[in-house]
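Trainee: Got a structure here, written out as structure tokens. Questions coming.
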């Protein structure tokens, strides 16, 4: 790869396999000699920890906390990418747009404006798309659901994601298949991006 690393984001509703894909991509990239860092949002930092603890029930306040957590996270990601590290991030700004809009926190325009002030544009965002009912079955196998994992809510989130993907030019992968097939599709996207950057 080039001296500058890649910033890769994985998005999708709960149960689409983002965490599995992130680990598989990181393993394959590392096997080719690339330095890779896995990360996720909300982060394990102070603000991210507050979000994980459910510090507020106010959706607008929660959206603002996500943006604050993302601002700190983006600064860390930018340093890593500039130093040649490829960063694979499980969720980024599109999660706030898709989830908070579905929760009625605010309209998409307000959420976009707030996030545009703090984000760096990823080199690629891959949306893992799958039927919410299929994902619901996967979630059930994990145990207790979070408040974000209710089926009707996930259906609204999926529609938001597809709209955002079309507007922002995300790569969309059918995540209703097995992890090996999803990995191969994602790997082709990463290879294409790498080759494109190498020729610049």
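Residue numbers (the working numbering): 70 to 269. In this text, a Cβ means the ideal position worked out from N, Cα and C, and glycines have one as well.
If we require 4 or more residues per run, which alpha helix (DSSP H) segments fall completely within the region 126 to 203?
Mentor: DSSP runs (the alpha helix (DSSP H)) wholly in the region 126 to 203: 128 to 151 and 177 to 185.
Trainee: By DSSP, does residue 260 sit in helix, in strand, or in coil?
Mentor: helix
Trainee: Rounding to the nearest angstrom, what Cα-Cα distance links residue 144 and residue 134 in this structure?
Mentor: 16 Å
Trainee: Using a Cβ distance threshold of 8 Å, determine whether the region 198 to 209 contacts the region 169 to 179, with at least three qualifying pairs required.
Mentor: Contact between the region 198 to 209 and the region 169 to 179 is absent, because fewer than three Cβ pairs lie under 8 Å.
Trainee: State yes or no: is the C-beta of residue 153 within less than 8 Å of the C-beta of residue 104?
Mentor: Between residue 153 and residue 104, the C-beta spacing is below 8 Å.
Trainee: Using the three-state DSSP reduction, which class does residue 209 fall into: helix, strand or coil?
Mentor: Per DSSP, reduced to three states, the secondary structure at residue 209 is helical.
Trainee: Could you name the residues of the same chain whose beta carbon sits closer than 6 Å to that of residue 183, not counting the 5 residues immediately before and after it, in chain order?
Mentor: 136
Trainee: Which residue from 201, 157 and 197 puts its Cα closest to that of residue 76?
Mentor: Out of 201, 157 and 197, 157 has the C-alpha closest to the C-alpha of residue 76.
Trainee: Out of curiosity, what's the CA-to-CA distance linking residue 138 and residue 98?
Mentor: The C-alpha of residue 138 lies about 27 Å from the C-alpha of residue 98.
Trainee: Please report the residue range of the alpha helix (DSSP H) in which residue 116 lies.
Mentor: 115 to 121
Trainee: Between which two residues does the beta strand (DSSP E) carrying residue 67 extend?
Mentor: Only positions 70 to 269 of the chain appear in this structure, which leaves residue 67 out of reach.
Trainee: Since residue 164 contacts residue 80 with CB under 8 Å, what's their CB separation in whole angstroms?
Mentor: About 6 Å separates the two Cβ atoms, so the contact holds.
Trainee: Which two residues bound the contiguous alpha helix (DSSP H) that contains residue 234?
Mentor: 220 to 237
Trainee: Is it right to say residue 248 is buried, meaning 16 or more other beta carbons lie within 10 angstroms of its own, or is it exposed?
Mentor: exposed
Trainee: Let's test the definition: count the other Cβ atoms within 10 Å of the Cβ of residue 123 and tell me whether it reaches 16, buried, or not, exposed.
Mentor: Flag for residue 123 reads exposed.
Trainee: Per DSSP, residue 106 is paired with what?
Mentor: 156
Trainee: With DSSP as the reference, label residue 265 as helix, strand or coil.
Mentor: helix
Trainee: Got a sec? Which residues, its chain only, sit under 7 Å from residue 234 by beta carbon, not counting five neighbours each side?
Mentor: 196 and 241
Trainee: Between the Cα of residue 159 and the Cα atoms of 131, 107, 198 and 266, which residue gives the shortest distance?
Mentor: 107
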